[in-house]
Each structure stands twice: as structure tokens, then as C-alpha cells.
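These protein sequences, in sequence, are chains F and H.
At position 47 of the first sequence the residue is numbered 56 (the numbering used here), and the sequence of numbers has no breaks.
At position 332 of the second sequence the residue is numbered 341 (the numbering used here), and the sequence of numbers has no breaks.
Glycine included, each C-beta is placed from N, C-alpha and C at the ideal position.
Please read these numbers as outputs of a predicted model, since none were measured by experiment.
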Amino acid sequence: MEQKITLRVDGKERTLTIDARTTLLDALRERLGVTSPKKGCDHGQCGACTVMLDGRRVTSCLVLAVANDGAEVVTAAGLAHGDDLHPVQRSFIAEDAFQCGYCTPGQIVSAVAMLREAEEGWPSVVSEDLDADRVVLDREEIAERMSGNLCRCAAYVNIVSAIEKVARS
Amino acid sequence: MTSVNETNEPSRRAVLKAGVGGLGAAMLPSMAEPAHAAGPATAPSAVGGGAAGGIGAALKRVEGPLKVRGAATYAFEWPVENPAYLYPLLSTIASGRITAVDAGDALAEPGVIGVLTHMNAPRLAWAEEPEVAVLQSDKVAYHGQIVGAVIADSIETARYAAGLVKLEYATEPVDVDLRADRDDLRKPEHAQGFGQLPGDLMNGSPADTTVGDFAAGMASAVHRVDATYTTPVQHHNPMEPHAAVATWTDDEITLYCGSQGVSTPQELLTRAFGLQPGRLRLISPYVGGAFGSKDFSALWGTVALMGAQLVPGRPVKLAFTRQQMFTLVGHRPASIQRVQLGADAAGKLVAISHDAVQETAKAKQYAEQTVQASRSMYAAPGRRTSTRIALLDVPVPTIMRGPGEATGMFALEPAMDELAVKLGMDPIELRLRNEPETHPETGQPFSSRHLAKCFEEGARRFGWKHRDKKPRARRKDGWLIGTGVAAATYPSPRLPGSTASARLDKNGRYTVRIAAADIGTGTWTTLAQIAAEALGVPLDRVTLQIGDSAYPRASSGGFSSGMNSWGTTIYAAARALHTALDENGGSVPPEGLQVTVGMPDDPKLKQYEFGSYGAQFAEVRVHEDTGEVRVPRLLGVFDVGRVINPVTARSQLLGGMTWGLSMTLHEETAIDHRYGNFVNNDLGGYHFAANADVGSIEVHMLGERDSHINPMGSKGAGEIGIIGTAAAIANAAYDATGIRVRDLPLTLDKLLR
Ligand code: FES
Ligand code: FES
């Protein structure tokens, strides 16, 4: 079964006819040529495919494209404006927060969304005060909130440093 | 069918039309911008003259701006027109034969182009090699073997139709039991790679070694340790699945892939398909992690090429699923290791033995140098090592980060800790007392060995002297706290078979080409730094080209050999280019100057023992009631020779230590003994360290140059970080709890009492 849908991907409107079985991740990568989000597991277990869907971070391998007609999608490619990188992207480079780079676009989208969640006061499992208005993003909070994004190169220590720097500034 | 709104995608089409060369240029990093200001452009000076951006410069990865946007092109992402998709079908038995194939329903599914099985797959010219050949007979040698493939117009259709192919099997009994008391254990023979090296083990060394009289030494010892340690099957799980885009035309056969080296699979697949040398081209500029799983095994290449042969001219895309990766790209073999140590009253070792038993596949011997570190680590007059393998109905195991020593040092180093406890001696002191002057087996000198300095520096930074002497002595908020230490070593080999070209153009630009790989190790940056240093010019005048079999042949990146092998070769090419320039009276002809040079012979390789060293420190907390283990702090001090790039070297060591933490606390692939399948074959079931599992990790490098190993003075950094980490953590867990866990992983059930 196929259906026509429209997505706004990194600011551009894209219309495509798509198999009902196609995940948002495969729609982006295989149909639209947007390969910034990566496929690491196709099972929602690694976070490599993380994109922002209508402003929230999701694992796009677990989302069906047909169910999201009209949605707004932001990938790591869309966080940069040409050569002008997002502060989180610059910080990842400065802290060497990646090696092979395969988990990196997912980590970065996840970090940008996570910073927003913290700003809005969302607690995590390691937050002391669940009702606090403000979340202080220390290393433990960052590590906890970034644990949906696996990195087998194990750049975690640098990933936390990169995000901590942005959170502080 | 799928239709795409094309107007938004002009650049992609333009890139596509530009062909492979244009693509490469579009997707590769610019070498021009080091992170700090380059010095003034100078004329080529003597080889090794301090160049801006040369060896030692703390440069950021040159491809960083691409990677943070997701714009570095990995295997599955090469843009191709109208691809077909291949989905492999895996066996559901571990041993037996396929008796019937019914592909009727699959072929009837709209969008299916073809179904490959052993009945119709192309016959290979090299059908016997289990790490290369697929679909050559009805025999099933392990659970999860490729027994078919569906090629279709879309991923969804290929995957769905694979479920419609019906296979019937005649099943034989399954044997996947690794036990040290099996009566069919055997001594491995030529168990390395593809049989290139003499010797029994994967690294070309003998299975058994003996020096002096071990039994007499043990009999005379005042203090003895005799303990058995086990390690489970582990899986690499690089984040990028093994993938390929294959195109087969009359002119060229192209395979975009992610590989630890393009030359080795090019040669394996050329042989398998009986091709003219040079006809098959592999392109792999970026690799989303490998850790050993993208070196020997080439099944992905074979099946992708078979698919491409079926639809000549049409690109075929293949990516193994995460679950399929558990049986198709190798694993670290499980081990059972007995270590015996005997020491005199003063803590001097008089006897060492290390006997390893390891699983391998019935289909192919793979045997690690698990006992290697016990041959070189400590002095003792009586010593022996042995390795035995059990041939089981499992997939062929392979190299995985720190192959051999990563598991072997989980036996030797906890045993040293047990000995220190018996002696009532500080474990660092025990190690220092047994430092060998020369290699204890061969008698050869070490090219450099700064292990003592690693311990000294590490003890100071870690605050080791404040340690309690007794186990189970420190408690805080229900957590038992302990500290532990272990030594690390890994050889720094130079692999044969690399060639590099160096070119100087009229405009003063240098181009260095070698089919080397960057698997996240930083090669794009570090090899360019070496080239700049070797050429004696600033980095911004050098263009490095790697990751393509069209460039001169290179050994694979593995065993911490990359920089040593490729860097030495580039130095030779730089020298030859300077000679050519001199011969030309110092001027560059209009067509430029180019040389292509193989890695030179080096008599020193036979005269010294080369290796990296390290001291690993760990603080561990074990919850008194739940047994939960946390590792709030790791600290490593490493002797990796002269550091080529402190940024990327630190990341490699950090990654290695985190791997060590992960293998200690989490990693274990369970096998079902009834059916021979790996049970926890996904990232939910196979947990490796996530961000929240990792605490503080400090990395320090001594930076002492090794004056014998290579022109750079650098030793390997890829493996050493994982070596000894598990021992340091297990020793710290003993210090915290008084419980000695000798079986990895260190899960909470083993620490309750
Ligand atoms: S690919 Fe989506 S979570 Fe792994
Ligand atoms: S950088 Fe390689 S997996 Fe994260």
C-alpha cells in the first residue's frame, strides 16, 4: 500500500509517495537522500537515527513515515547553516567527541533537544528534585540524558564535556 | 512506486553525474586547514624537519565538520541511481544440510527481482574459505549462516520476501560446548588470518612455549597461585552495520564499503570471483567503527557482488541487520585460562605458566595469542605457555579490539593481584620486582619499555599510596569502595605489504596516496601529519588520499599496526621524492614528480621486541545489598612512544579504556546449547557501555620517543587502552568486597554474599 505524504525536512518541503511499511528513517535516507541520520540497529536501541520530529527527539527507525504527513523533521544537517555550524556541533569538534562519526549526527540532535528539555525543567532519573524549575546540567545529568545514544567508539567522556560546555555558556 | 519531488535535490544529481572521482572530491575532507596557524610555506627541507602541523601537533580531525553534520559518506550512503536491495537469509540450524528450497512465494511477490540460494548462486573460484565464500553448497556449519538472499526493488520488499522463502533442513547434532576437560581439544595450526604467516596462532607465534623448568620452579616456590579465569563470547558491534553498494558492469566492478583496509578484501574477492587483478575497486573513505569485525570477514562483499552480477549495471545495496551481524562478521572467542605463578619469599617470580583453551569454528581455525603477554610481561626462570582449541558448530571467531591480550591479561593480571595478596605486598611493588631486563623468552632487548614509569606516574596521579591494605575496609552510603591496578602491554607490529606514492606538482602541492583506512582512529589527520613531517613541509601543502583500492596497496588497520606500517612507508616515499627532486636539479618538471615506493625492509624488526605499555588504575563501588558495580574512576598512563596527535591518540586510549570497562561489567553473548544460536543478538540484549555507565576516565601519555621502531618514534595506541582494564576493575572489586571474581563479566550476582 502506498500513500503520498509531505514532510518538511531541514526547512525544505518534500513530497513523496511511500510504502506504508517505510520507516521515517528509510524515507529520509533511501527516498529523499537525506543520509544525515544513521541506521545502527533499526530497532530503537542505539539512537543513531535520532531526528527532531515536530520539535522532539525521536528514534526515526521506530516511526512510520505515512503516520507523519505534514511533520517537521530536523536532522543534524539542518542544524548547521552551510559551513556555519551549530554551537553543539562546534563543541563536538573542539572536544573530539567522536571518532568514527557514525553515532555523531544522532548524538548532536539528541543533545540539542536535551538542552531544550532541561531548559523546560524536565527532570531525569538522576535529578534530585523532580519539581525544580531549573535543571542544573552537571556531568551526571548529561550522561543520563544522553544514554539513549550509544557510541561504540566510546567517546562518552568527550561527548559529556562537549555538551557541558554548551550548557554552561 | 516511489516518486520524489526532485526540485529540492539539485546538488545530489550533479554529484551523481560527476562520477566516482567527482564524488570522492565532494565528500572528502579538506586537508588545508590545521587547527592552529601553519608556519610560512617553505621549500622542502630534510626529511623529518619540524613541519607546521607535523607530528605532535594537537590538530582536530580534518573531517570533523563533515561528521558533525552527518555528511561524511558511509558505505550504504553513496548516491546511486535506481538501486536494488539485497536482504540475506540466514540458517535456522547450526549443523546439517539444506534438503529443499521453495522460493516460489518470494518470487511471486511484486518487486522481487531474484532469490539466490546454493542452488542457483554463481560458483566461486575459491569456494572453500568460510570467511569469503557463501552459497556454495547445501552444508550448514553454524546457526545464522547465509543460506540465501532476496534481491528486490525496495528494502521493505526484500525483507518481507525473505520471510517467504521456505527451506527444509536435515539436522545434525549441535556441539557448542566449550570446556577445558573436552578430550578433543587440539593444538591450533596455522590459525591466523588466511594462512599467510608460519606458526600456530593468529599472530604467527607457536601455540606452546617452554623456557627453563617450570615444574621445578613451582616446586621451589614459597608462594603459589593456581587459578582459572574465563571470558565469554563478545561481539564488536560497530555502530555502522557492514554494508556495501555493488555495481557490476563490463568495465568496472565497484564496491562501496566500510573496511579496515580496502586492499585485503579486494584481493580476497578478486580471488573468490576469479577476476582480473585491478578489475574490482573498493572505496571506503569513512568507516563507522570496525574493531576487528571489518578486516578478515568478507561475506558482505561476496553476497553483494553476487547480487550485482544478477542485475548487471544496476547498483545493489546491502546492509546486514544488527541481528545478522552477530553471526556474519565474527566474534571474540570465549576462553578458559589457567594461570600458575610461583614466587620466592621476596616476591620474585620463579615460575609462570599460562594455559589457554579457546573456542573456534569447525569450519576454520582461529586461535588467539591469548597467552602472549604472559611470555613477555614478567621475568621468571621457569615458564611455559600453551594454547588449545575446541572446534565447535559456531561462526568463525575473529580479531576484536586487543585480540589475545585483552582476554589474556584478564588472567595474568588478576593472578598477580592474588599473589600480591598472598605476599602481603603492594601489587605495584610486586610488578616492579619482576620487570625483565630483556624479553624473558627470546632474550631480545625491548626497543623501549617504560612500564615502571607508567606505574610511578599513575600512582602519583591516582593517589595510590592512600590505599587501605585490607579488602572490604571502605564503605560509604551502602557502597563498598575499592581500588585496583593492573599492567598493560600490546605489541606494536609492522605489517608487511604497504606501498605509497608521493607527488609534487609544479605549484608546490604534495599529494600522498595510500590505500589506508580511517576507522575512527584519526588516520585522515594523523597520516597527513606524518606526511607533512616526512616531506618537511607545512600540513597545508599536503593532500592525503586514502580509503580507495585505486591507490597503492596498504595493509589493513588492525593490531595497532596502522601508523607504524603506513607511516614508515610514507617516510620512504618522501625520501624517494626528495631524491627524485635532487636528481632533477631541485626543480619540478611541468608534469610534476611522482614516486611509488614499498615499505622498506628493516633489520631492526628482527633485533628488538616492540610494544606499548600501560598502567591501569580503577576505583570501584559495589553496593553491599544489591551487588551493583559502578566504576566511578579509571586512570591510565601509557607508553605509546612519541605521540603523533595528542587529540586523536587520547580519544583512542579513552575509547580503549571504556571498552575495558564495558567488557568487565556488561559484555557477554549467550549461546543456546540446544540450538547453537546466539541468544541476545541485538543491542537490547547485548549491552555495551552507554554514557551513564561511564564515570571519570583520565588518560596520560608519557610521550617518550622509541628510537628503534620507525622514523616517527611512535608505538601503537589502538589496543593498549583495553588491555589490563578488566583486571584493574576486578582487582578493585576484590579490594572493595573481598570477593574474587574470575569469570567475566563482573555482574552483580557474582558479588553478593
Ligand atoms: S537505528 Fe534507530 S535506534 Fe538504532
Ligand atoms: S563516534 Fe563511532 S560510534 Fe560514536
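Subject >> Cβ of R161 (chain F) within 8 Å of any chain H Cβ >> reply: In the first sequence, residue 161 (chain F) corresponds to position 152, counting from 1. Chain H contact via Cβ: present.
Original post:
Can a CB atom of chain F be found closer than 8 Å to the CB of D557 (chain H)?
Top reply: Position 548 of the second sequence, counted from the start, is the residue given in the question as residue 557 (chain H). Not flagged as an interface residue toward chain F: D557 (chain H), since no C-beta distance is shorter than 8 Å.
**OP:** Check whether the Cβ of T4 (chain H) sits closer than 7 Å to any heavy atom of ligand 2, and report yes or no.
**Re:** Because chain H is modelled from 10 through 762, residue 4 (chain H) falls outside the range shown and cannot be assessed.
Subject >> Residue-level contact to chain H via CB, W70 (chain F), 8 Å cutoff >> reply: As a position in the first sequence, residue 70 (chain F) is number 61, starting the count at 1. Per the sequence shown, the amino acid found at residue 70 (chain F) is Cys instead of Trp. Judged by the 8 Å Cβ criterion, C70 (chain F) is not in contact with chain H.
**OP:** Examine chain H for any beta-carbon lying closer than 8 Å to the beta-carbon of G110 (chain F), and answer yes or no.
**Re:** Position 101 of the first sequence, counted from the first residue, corresponds to residue 110 (chain F). At a cut-off of 8 Å, the C-beta of G110 (chain F) has a neighbouring C-beta in chain H.
Subject >> CA nearest to the CA of A255 (chain H), picked from H:Y265, H:T578, H:E249, H:E261 >> reply: Residue mapping note: residue 255 (chain H) aligns to position 246 of the second sequence, counting from 1. The candidate whose alpha carbon is nearest that of A255 (chain H) is H:Y265.
Original post:
Would you say M425 (chain H) and P436 (chain H) are within 8 Å of each other, going by their C-beta atoms?
Top reply: Here residue 425 (chain H) is taken as the residue at index 416 of the second sequence, counted from 1. Here residue 436 (chain H) is taken as the residue at index 427 of the second sequence, counted from 1. Yes. Within cutoff.
**OP:** Would you kindly report the start and end of the unbroken alpha helix (DSSP H) that includes K76 (chain H)?
**Re:** The residue you call residue 76 (chain H) lines up with position 67 of the second sequence. In the DSSP assignment, K76 (chain H) falls within the unbroken alpha helix (DSSP H) covering 73-76.
**OP:** Round the Cβ separation of A68 (chain F) and G87 (chain F) to the nearest angstrom and send it over; I've been treating them as touching at under 8 Å.
**Re:** Counting from 1 along the first sequence, the entry for residue 68 (chain F) is found at position 59. Counting from 1 along the first sequence, the entry for residue 87 (chain F) is found at position 78. The question names Ala, but residue 68 (chain F) in the sequence shown is Thr. About 17 Å separates the two Cβ atoms, so there is no contact after all.
Subject >> Local conformation of Y295 (chain H) per DSSP, three classes >> reply: Here residue 295 (chain H) refers to the residue found at position 286 when the second sequence is read from its first residue. The answer is coil: DSSP assigns Y295 (chain H) none of H, G, I, E or B.
**OP:** Taking D84 (chain F) as the query, report the chain H residues whose CB atoms sit under 7 Å from its CB, ordered along the chain.
**Re:** Here residue 84 (chain F) refers to the residue found at position 75 when the first sequence is read from its first residue. Inspection of the sequence shows that residue 84 (chain F) is occupied by Thr rather than by Asp. Taking the beta carbon of T84 (chain F) as reference, the chain H residues within 7 Å of it are G79, listed in sequence order.
Original post:
Taking three-plus beta-carbon pairs below 8 Å as touching, is the segment 733-743 of chain H in contact with the segment 414-425 of chain H?
Top reply: Yes: at least three Cβ pairs fall under 8 Å.
Subject >> Inter-residue CB distance, K326 (chain H) and Y94 (chain H) (contact presumed, cutoff 8 Å) >> reply: As a first step, residue 326 (chain H) must be located in the second sequence, where it is residue number 317. As a first step, residue 94 (chain H) must be located in the second sequence, where it is residue number 85. That belief holds up - the Cβ atoms of K326 (chain H) and Y94 (chain H) are roughly 5 Å apart, short of 8 Å.
Original post:
Who are the Cβ neighbours of G49 (chain F) in its own chain at under 6 Å, not counting the five residues just before and after it?
Top reply: Walking along the first sequence from the start, residue 49 (chain F) turns up at place 40. C55, A57.
Original post:
Is the shortest distance between the beta-carbon of I14 (chain F) and the beta-carbons of chain H less than 8 Å?
Top reply: Position 5 of the first sequence, counting from 1, holds the residue named residue 14 (chain F). Output row for I14 (chain F): interface = no.
Subject >> Where L644 (chain H) falls, given that 16 or more other Cβ within 10 Å makes a residue buried >> reply: Counting from 1 along the second sequence, the entry for residue 644 (chain H) is found at position 635. By the neighbour-count rule (16 or more Cβ atoms within 10 Å), L644 (chain H) is buried.
Original post:
On the three-state DSSP scale, how would you describe K13 (chain F)?
Top reply: Within the first sequence, residue 13 (chain F) is the residue found at index 4, counting from 1. K13 (chain F): strand per DSSP, three-state reduction.
Original post:
Leaving out the 5 sequence neighbours to the left and right, which residues in its chain are closer than 8 Å to V118 (chain F) when beta-carbon positions are compared?
Top reply: Here residue 118 (chain F) corresponds to residue number 109 of the first sequence, with the count starting at 1. Listed in chain order, the non-local C-beta contacts of V118 (chain F) below 8 Å within the same chain comprise P46, T59, V60, M61, R66, V83, T84, A85, L88, local neighbours out to five positions each way being set aside.
Original post:
Comparing the CB of G298 (chain H) with every heavy atom of ligand 2, is any distance shorter than 7 Å?
Top reply: The residue you call residue 298 (chain H) lines up with position 289 of the second sequence. True, at least one ligand heavy atom lies under 7 Å from that Cβ.
Original post:
Using a beta-carbon distance below 8 Å, is G62 (chain H) in contact with chain A?
Top reply: In summary, chain A is missing from the structure at hand, where the protein chains are F and H.
**OP:** State the Cα-Cα distance for the pair T492 (chain H) and D634 (chain H), rounded to the nearest angstrom.
**Re:** As a first step, residue 492 (chain H) must be located in the second sequence, where it is residue number 483. As a first step, residue 634 (chain H) must be located in the second sequence, where it is residue number 625. Rounded to whole angstroms, T492 (chain H) to D634 (chain H) spans 19 Å at the Cα level.
**OP:** Per DSSP, which residues does V97 (chain F) bridge with? Please list them.
**Re:** Within the first sequence, residue 97 (chain F) is the residue found at index 88, counting from 1. The partner list for V97 (chain F) (beta bridge, DSSP) is empty, contrary to what the question assumes.
**OP:** Can you tell me which of the three DSSP states C162 (chain F) falls into?
**Re:** To locate residue 162 (chain F), count along the first sequence from 1; it is residue 153. It is coil, neither helix nor strand.
**OP:** Look at the alpha carbon of H696 (chain H) and the alpha carbon of W473 (chain H), and state the distance between them as a whole number of angstroms.
**Re:** Reading the second sequence from its first residue, position 687 is the one you call residue 696 (chain H). Reading the second sequence from its first residue, position 464 is the one you call residue 473 (chain H). In a straight line, the C-alpha of H696 (chain H) is about 31 Å away from that of W473 (chain H).
Original post:
Roughly how many angstroms separate the alpha carbons of Y743 (chain H) and A482 (chain H), rounded to a whole number?
Top reply: Looking up residue 743 (chain H) in the second sequence gives position 734. Looking up residue 482 (chain H) in the second sequence gives position 473. Within the model, the alpha-carbon separation for Y743 (chain H) versus A482 (chain H) is close to 11 Å.
**OP:** Mind checking the segment 135-163 of chain F against chain H and listing, in chain order, the residues whose C-beta falls within less than 9 Å of any C-beta there?
**Re:** Hits within the stretch, in order: V135, R148, E149, I151, A152, E153, R154, M155, S156, G157, N158, L159, C160, R161, C162, A163.
Original post:
If you measure from the beta carbon of K174 (chain F) to each beta carbon in chain H, is any gap under 8 Å?
Top reply: Locating residue 174 (chain F) in the first sequence gives position 165, counting from the first residue. No - not a single Cβ of chain H is within 8 Å of the one on K174 (chain F).
**OP:** Using the Cα positions of G57 (chain H) and N593 (chain H), report the straight-line distance between them to the nearest angstrom.
**Re:** On the second sequence, residue 57 (chain H) is found 48 positions in, with the first residue counted as 1. On the second sequence, residue 593 (chain H) is found 584 positions in, with the first residue counted as 1. Here the model assigns G57 (chain H) a pLDDT of 39, short of 50, so the residue's position is not dependable, and the following value carries that caveat. Going by the C-alpha atoms only, they are around 21 Å apart.
Original post:
So what's T577 (chain H) in DSSP terms, helix, strand or just coil?
Top reply: What you label residue 577 (chain H) is simply residue 568 of the second sequence in a count that begins at 1. It is helical.
Original post:
Is T369 (chain H) closer than 8 Å to P406 (chain H) when the C-beta atoms are compared?
Top reply: For this step, residue 406 (chain H) is matched to residue 397 along the second sequence. For this step, residue 369 (chain H) is matched to residue 360 along the second sequence. One thing to note: P406 (chain H) has its Cβ within 8 Å of the Cβ of T369 (chain H).
Original post:
Would the C-beta of A57 (chain F) count as close to ligand 1, meaning under 7 Å from any of its heavy atoms?
Top reply: Locating residue 57 (chain F) in the first sequence gives position 48, where the first residue counts as 1. True, at least one ligand heavy atom lies under 7 Å from that Cβ.
**OP:** Can you say whether W309 (chain H) is buried or exposed, counting buried as having 16 or more other CB atoms within 10 angstroms of its CB?
**Re:** To locate residue 309 (chain H), count along the second sequence from 1; it is residue 300. It counts as buried.
**OP:** Determine contact between the segment 446-463 of chain H and the segment 695-713 of chain H, defined as no fewer than three beta-carbon pairs at a distance below 8 Å.
**Re:** These segments touch.
**OP:** Kindly list, in the order they appear in chain F, the residues whose Cβ is closer than 7 Å to that of S163 (chain H).
**Re:** Here the question's residue 163 (chain H) lines up with position 154 in the second sequence. The contacting residues are D28.
Original post:
Going along chain F in order, which residues have a C-beta closer than 8 Å to the C-beta of Y295 (chain H)?
Top reply: Position 286 of the second sequence, counted from the first residue, corresponds to residue 295 (chain H). At a C-beta separation below 8 Å, Y295 (chain H) has these neighbours in chain F: C109, G110.
Original post:
With a Cβ-Cβ cutoff of 8 Å, do A176 (chain F) and L124 (chain F) count as a contact?
Top reply: In the first sequence, residue 176 (chain F) corresponds to position 167, counting from 1. In the first sequence, residue 124 (chain F) corresponds to position 115, counting from 1. In contact: A176 (chain F) and L124 (chain F) (Cβ atoms closer than 8 Å).
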